[in-house]
Amino acid sequence: MTGRTHDTATGTVTVHDQGAHLTEWRVGEVPVIWVSQASEYAVGTPIRGGVPVCWPWFGPGRGGDLTPAHGFARIAPWRLLEESTEDGTVRLLWELTPADVAATDGAQHFPHAFTARVEVTVSESATISLTVRNDDTEPWDFEAALHTYLHVGDIRRVRLTGLEGTRYFDKVLQSEGSQEGQLSFSGETDRVYRAEGAVQVHDPVFDRTLVIEKAGSANTVVWNPWVDKAAAMSDFQDGEWPVMVCVEAASVGDDAVRLEPGAEHTLSTTVQIRPLDQS
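For the sequence shown, the residue numbers in full-length UniProt numbering are 1 to 279.
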């Protein structure tokens, strides 16, 4: 599996062509993005961590029966179009079309003409964008998420702000709710918020706040598997679940994107780092 590592003005970034996948971003010696030490980096196998591109469906899809989970984009062989480093800023651009995924598991479930591009730009912040164009003669729908895994010091001490007052569906409890106050973590968390705004991840262990901004995103997904679920996953090592949390830009379920012929849609997320006492 092809990996590409570049130095930025403040650290290091690594990306992989499979999935157009950001797999490392460090500022100094501290990772901002989390990747499991149990990830296989094998062709056709999803990488656990980084920023997987989930498309054209999320999870098992709206009908609940699609495989692989989270679509075929994250295991597809994206074609690198551009790669540059200038003044400490790293930029990469990939493209994916039906011809690229003819042999990719799951592509048979999406028989549409499309062009998808992923752009990753990293300097003092990191921006990942997914742009999809409908090259067909009929409209079609898709789900998408930028499944950002953030590295945190201890999830039990982390607090999220920016979701107050927003509605969510809790996939663990299979119920709806409304966020009251800050979000803290005391067990398995898997929620889809109907929230478009920025989210702040306050981390007292690393003395920083990660600010997650989103565009073209109807939803915010928040996920941590906690003890039991992580233990049942082969690509999680023991003791890794406390040092990660997913805060994802997404448009999924009832908020899936409908594209008319010739139209395009861009979903993007930007991660910024701020001192804890200034956020």
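Note that the Cβ used here is the ideal one computed from N, Cα and C, for glycine as well.
**Request:** In the DSSP assignment, find the alpha helix (DSSP H) that holds Lys229 and state where it starts and stops.
**Result:** 226-231
**Prompt:** Given a threshold of 16 other Cβ atoms within 10 Å of its Cβ, counted over all protein chains shown, does Val15 qualify as buried or as exposed?
**Reply:** Buried.
**Prompt:** Which whole-angstrom value describes the C-beta separation of Arg159 and Gln182, a residue pair presumed to lie in contact below a C-beta threshold of 8 Å?
**Reply:** 5 Å
**Request:** Have a look at Leu276, Leu259, Ala250 and flag the residue whose alpha-carbon is nearest the alpha-carbon of Thr269.
**Result:** Ala250
**Item:** Glu240 vs Ala38 beta-carbon contact at 9 Å
**Value:** yes
**Message:** Using the three-state DSSP reduction, which class does Val43 fall into: helix, strand or coil?
**Reply:** coil
**Message:** Just to confirm my understanding: we take Val35, look at its own chain, exclude 5 residues before and 5 after, and list those with CB closer than 8 Å. What are they?
**Reply:** Thr23, Glu24, Ile47, Arg48, Gly49, Gly50, Tyr149
**Bridge-paired residues (DSSP) for Leu146** = Answer is Val53, Ala249.
**Prompt:** For Leu210, which beta-bridge partners are listed by DSSP?
**Reply:** Val201, Ile273
**Prompt:** So what's Val122 in DSSP terms, helix, strand or just coil?
**Reply:** strand
**Message:** Taking the beta carbon of Ala215 as the centre, do at least 16 other beta carbons fall within 10 Å, making it buried, or is it exposed?
**Reply:** Per the 10 Å Cβ criterion, exposed.
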